[in-house]
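Colleague:
Numbering (full-length UniProt numbering), first residue to last: 1 to 564.
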């Protein structure tokens, strides 16, 4: 090629691909970092006083500016302009912005997490910077390193060369060893408030030359859940979705378009659903869920909107301060105020819990809307919830108490007390007391979740219909009332063994599950029949003493003697 670089021309008619907005509008200075003033102020002061630490740990949710801040710090450390660091004009800043700085080494710990990768880093860190003042190592997702890799990194982090700086970024700081944490200055990046995200999106939209309605901006900001990168990416997606009449007209993005992309529904629909809950109108609520399915809406998004709306109602009921709802539209706040006076506080709390539980169950299934429908019906019709376990009845308390030892069959004094039933006599092996009932009651939600994970949603739903429960010895009896369908489903061998195993793990001993019909659960004998006392094989010393010394008379109480 005669020593010349060969460049391949772009094919005719092929335009350069547009850069994604989140990359185009990535923060380039500390002032451009949104919502992390506690981090940028500290770093600026450290740069000004020449007290930059040798290692930093940036921890926080994704999309909050950890990697961008690390790159800005790398530019500031190597910037040649002492007045504005970074200046984004000098050769070092330009090289970092263009991704060609040899002294800025970015490592993805998710794919370079072995001890060999860290050993290579340790070998290279000993070389002086090639073109700048500092060599900066940015290790992203550092929690993905193996234990051996962390151990190999410790010595370098503790005593790095004077020209080396490390920035570790992670979304899971709890997975980083304490020995590594103690060698770093830690900064926690927080979720960005909705108002600040909305302001930044408005600025981007104005600079890019397209219009976005204010409700649409706030809808995008709320859906991002504090993640600026997600918000900018969704705004970029909306610029392609928003219709433009002609090439010369400015694009306009509406709230309805954002809701269609997100799969969410209008705030009026969510408010109408909560109104149906307040009015105990099952049919209206079910119709809204059915209409959402016909429109192709997202059930998860709808459940999240309902929970968020009910949270606002709860806050107004508890505090009655609209300042806590500054992210909500004014008309939505007025609707929440009205509903806060119509719904009981206890019902609001129960609805939030029940819909949150339903949201975790909205994963596939033949009828994906069923968890939402069940939650609505149970909240309105008052179907028994799985959390409150039935209190132990008097018969259960007797069944759980230890049985007395066998007595000698004598007639020294006639026994006028009523005889025990075979059921109560059969539960003498390692009985559980009322404390076991309390333990199971406290962990009932965990028990139901375990049944769902091991057996399935149908089996979990069947256990919600139990009417009573008793514990005695090594058995747990469950009464299903007249619900034979649920009783048969739990009585299946595979399901019964799985539920017995879950109960055994929770109660700390081997448990046998007994499924019964009726409204009262009872503990039968281990064999299903009355327990017979063992017959003595020889003369009983106690019996001989009672006859000879106390004048007792022996009577034959066997069934054969009674028939004669």
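Where is the CB? At the ideal position from N, CA and C, for every residue including glycine.
How far does the beta strand (DSSP E) with residue 566 in it extend, from its first residue to its last?
Modeller: Look at the range of the chain in this structure, 1 to 564, and you will see that residue 566 is not part of it.
Colleague: Determine whether the beta carbon atoms of residue 317 and residue 345 lie at a separation below 8 Å.
Modeller: Yes, the pair counts as a contact, with Cβ atoms nearer than the cut-off.
Colleague: So, are the CB atoms of residue 474 and residue 509 less than 8 Å apart?
Modeller: Yes, these two residues count as a Cβ contact at 8 Å.
Colleague: Quick one: what's residue 512 bridged to in DSSP?
Modeller: DSSP output for residue 512 lists 475 as bridge partner(s).
Colleague: Using only alpha-carbon positions, find the residue among 520, 41, 360 that is nearest to residue 189.
Modeller: Selected option, being the one with the closest Cα: 41.
Colleague: Between the Cα of residue 222 and those of 202, 195, 272, spot the shortest distance and give me the residue it belongs to.
Modeller: Among 202, 195, 272, the Cα nearest to that of residue 222 is on 195.
Colleague: Roughly how many angstroms lie between the CA atoms of residue 470 and residue 479, to the nearest whole one?
Modeller: Looking at the two C-alpha atoms, the distance is approximately 9 Å.
Colleague: Going by C-alpha to C-alpha distance, which of 506, 482, 100, 56 sits closest to residue 182?
Modeller: Answer by Cα proximity: 56.
Colleague: Whose CA, out of 355, 227, 198, 447, lies closest to the CA of residue 326?
Modeller: When each option's Cα is compared against that of residue 326, the closest is 198.
Colleague: Give me, in chain order, the residues of the same chain whose beta-carbon lies closer than 7 Å to that of residue 96; leave out the 5 immediate sequence neighbours on both sides.
Modeller: If we look at residue 96 and ignore the five residues flanking it on each side, its Cβ neighbours are 71, 74, 75, 104.
Colleague: Taking the DSSP output, what are the residues bridged to residue 265?
Modeller: In DSSP, residue 265 forms no bridge with anything.
Colleague: Name the residue from 357, 274, 156, 441 whose alpha carbon lies nearest to the alpha carbon of residue 461.
Modeller: For the residues 357, 274, 156, 441, the minimum Cα distance to residue 461 belongs to 357.
Colleague: Just verifying my parser: in three-state terms, what is the DSSP assignment at residue 18?
Modeller: It is coil, neither helix nor strand.
Colleague: Would you decide whether residue 170 is buried or exposed? Buried here means 16 or more other CB atoms lie within 10 Å of its CB.
Modeller: So residue 170 ends up on the buried side.
Colleague: Residue 236: buried (16+ other C-beta within 10 angstroms of its C-beta) or exposed?
Modeller: Buried, because 16 or more other Cβ atoms sit within 10 Å of the Cβ of residue 236.
Colleague: Can you grab the Cα-Cα spacing for the pair residue 20 / residue 280, in whole Å?
Modeller: Cα to Cα, the separation comes out at about 48 Å.
Colleague: Per DSSP, what kind of secondary structure is residue 106 in: helix, strand or coil?
Modeller: Correct three-state label for residue 106: strand.
Colleague: Classify residue 516 as buried or exposed, calling it buried when 16 or more other Cβ atoms lie within 10 Å of its own Cβ.
Modeller: Its Cβ being crowded by 16 or more others within 10 Å, residue 516 is buried.
Colleague: Considering only the beta carbon of each residue, do residue 59 and residue 186 sit closer than 8 Å?
Modeller: Closer than 8 Å, so yes.
Colleague: By the three-class DSSP mapping on this structure, what secondary structure does residue 89 have?
Modeller: In this structure, residue 89 counts as coil in the three-state DSSP scheme.
Colleague: Near residue 160, which residues of its chain fall below 8 Å by C-beta distance, leaving aside the five closest residues on each side in sequence?
Modeller: Answer for residue 160: 54, 55, 125, 166, listed in chain order.
Colleague: Determine, using beta-carbon pairs with one atom in the stretch 256-270 and one in the stretch 288-299, whether at least three such pairs fall under 8 Å.
Modeller: Yes: at least three Cβ pairs fall under 8 Å.
Colleague: Assign residue 469 to one of three DSSP states: helix, strand, or coil.
Modeller: Note: residue 469 maps to strand in three-state DSSP.
Colleague: Report the option in 524, 361, 150, 163 whose CA atom is closest to the CA atom of residue 177.
Modeller: Nearest option by C-alpha distance: 150.
Colleague: In angstroms, rounded to a whole number, what distance separates the CA positions of residue 262 and residue 108?
Modeller: Computed Cα separation, rounded: 30 Å.
Colleague: Leaving out five residues on either side along the sequence, give the residues of the same chain with a beta carbon under 6 Å from the beta carbon of residue 225.
Modeller: Excluding sequence neighbours, residue 225 sits near nothing in its chain.
Colleague: Check residue 571 in the structure and name its three-state DSSP category.
Modeller: Lying before the first or after the last residue shown, residue 571 is absent from the chain, which here runs from 1 to 564.
Colleague: Between residue 502 and residue 496, is the Cβ-Cβ spacing less than 8 Å?
Modeller: Contact: no.
Colleague: For residue 315 and residue 369, which I take to be in contact (beta-carbon distance under 8 Å), what is that distance rounded to the nearest angstrom?
Modeller: The Cβ separation is near 28 Å, so there is no contact.
Colleague: What does DSSP give as the partner residues of residue 565 in its beta bridges?
Modeller: What is shown of the chain runs 1 to 564, which leaves residue 565 out entirely.
Colleague: On the criterion of 16 or more Cβ atoms from any shown chain inside 10 Å, does residue 446 qualify as buried, or is it exposed?
Modeller: Its Cβ having fewer than 16 others within 10 Å, residue 446 is exposed.
Colleague: How would you label residue 568, buried or exposed, when you count the other beta carbons within 10 angstroms and need 16 or more for buried?
Modeller: There is no way to answer for residue 568, as the model of the chain reaches only from 1 to 564.
Colleague: Going by Cα to Cα distance, which pick from 163, 31, 337 is closest to residue 319?
Modeller: The shortest C-alpha separation from residue 319 is found at 337.
Colleague: Are the beta-carbon atoms of residue 35 and residue 193 separated by less than 8 Å?
Modeller: Taking 8 Å as the Cβ cut-off, residue 35 and residue 193 qualify as a contacting pair.
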